[in-house]
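Counting in numbering that gives the first Met the number 0, the final residue of the sequence shown is number 197, and the numbers go up one at a time with none missing.
To start, the structure itself, in structure tokens.
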Amino acid sequence: MTQVAGFYFRTDAGGALAAMREAYSSAVGRALIINDGYRDLAGQWAAWNDYLHGGALAAYPGTSNHGWGIAVDFGGEVFTSSTSAGHRWLQSNAARFNWWWAGRDFSQVENWHWEFNGIYSPQDPTPIDEEEDMSVQLWLYTPTNSLLLVDHLNMTYRNLGNANTLERSIFDGKPYRVIGEPAWTQNFGRFKGISSPA
């Protein structure tokens, strides 16, 4: 985990966020305020209980991208208005840093909620036996309707963003490519997965 402005993030997400904050500050002329980052399970339960009692929208504990250290809640003008100069800068530039405005697609729009969709790769992956080296891709639909592409062989995953947006992009002819035919689908509690040979 990496600390950025007093909050923790997964190392790759934190590095990208720090670089984005620096570029934002240079372009907008003020700091990009962070209100929240990594949320442990106790923090997720607190947010969920607050939501159940009339508070802000919160993901069910264990399903929040805050729990993976790949979500940030911004403050200041980004928090209050999607038409502010800072928010417009993020909308135009965040993708260069592998961040996207996930809160735009929530049932209650959250100007402040952004998620990292870069690739995570452990430093020292365990070698895989020869007979087990068939790469399988798994598309995992999360309860928040994000679509994750999981590569079991390389021990990596990539958050492809909002599943509805991605599916629309595929049909609109945008540059997303799916390789292989789905081999099976399975539900994992609140998750749905589709796998295929890579």
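Where is the CB? At the ideal position from N, CA and C, for every residue including glycine.
To the nearest angstrom, how far is it from the Cα of residue i to the Cα of residue j?
{"i": "E114", "j": "G66", "result": "12 Å"}
{"i": "G54", "j": "Q107", "result": "12 Å"}
{"i": "T1", "j": "Y50", "result": "28 Å"}
{"i": "A15", "j": "S81", "result": "22 Å"}
{"i": "Y23", "j": "P60", "result": "31 Å"}
{"i": "A182", "j": "S63", "result": "Residue confidence is low: A182 scores 41 on pLDDT, short of 50, so the model does not pin down where it sits. Its coordinate-derived value is still stated next. About 28 Å."}
{"i": "S86", "j": "A101", "result": "For the record, residue 86 in the displayed sequence is His; it is not Ser. About 13 Å."}
{"i": "A12", "j": "F73", "result": "15 Å"}
{"i": "N48", "j": "E109", "result": "18 Å"}
{"i": "V3", "j": "N97", "result": "16 Å"}
{"i": "G117", "j": "H52", "result": "34 Å"}
{"i": "F8", "j": "A17", "result": "10 Å"}
{"i": "F6", "j": "W88", "result": "22 Å"}
{"i": "A26", "j": "L40", "result": "36 Å"}
{"i": "G75", "j": "W99", "result": "18 Å"}
Go to residue i, then tell me how far its beta strand (DSSP E) extends in each direction, as first and last residue.
{"i": "H200", "result": "Look at the range of the chain in this structure, 0 to 197, and you will see that residue 200 is not part of it."}
{"i": "Q2", "result": "1-3"}
Considering Cα atoms alone, identify which of the options is closest to residue i.
{"i": "G36", "options": "S24, S63, G68", "result": "G68"}
{"i": "G28", "options": "W100, G102, A84", "result": "A84"}
{"i": "R38", "options": "A58, A30, G75", "result": "A58"}
{"i": "M71", "options": "V3, R9, H112", "result": "The residue asked about is misnamed: residue 71 is Val in this sequence, not Met. Of the candidates V3, R9, H112, the one whose C-alpha sits nearest the C-alpha of V71 is H112."}
{"i": "F78", "options": "A18, N48, N116, N34", "result": "N34"}
{"i": "D104", "options": "L56, W88, G75", "result": "L56"}
{"i": "R20", "options": "W99, E76, L31", "result": "L31"}
(request) Starting from the N-terminal side, write out each stretch of the alpha helix (DSSP H) that is 4 residues or longer and does not extend beyond the stretch 6-50. (result) 10-27
(message) Within 8 Å, do at least three Cβ pairs link the stretch 93-106 to the stretch 40-51?
(response) At 8 Å Cβ cutoff, the stretches do not touch.
(request) Only counting runs of 4 or more residues, tell me where the alpha helix (DSSP H) segments fall wholly within the stretch 59-119, in order along the chain. (result) Listed in chain order, they are 75-79, 84-92.
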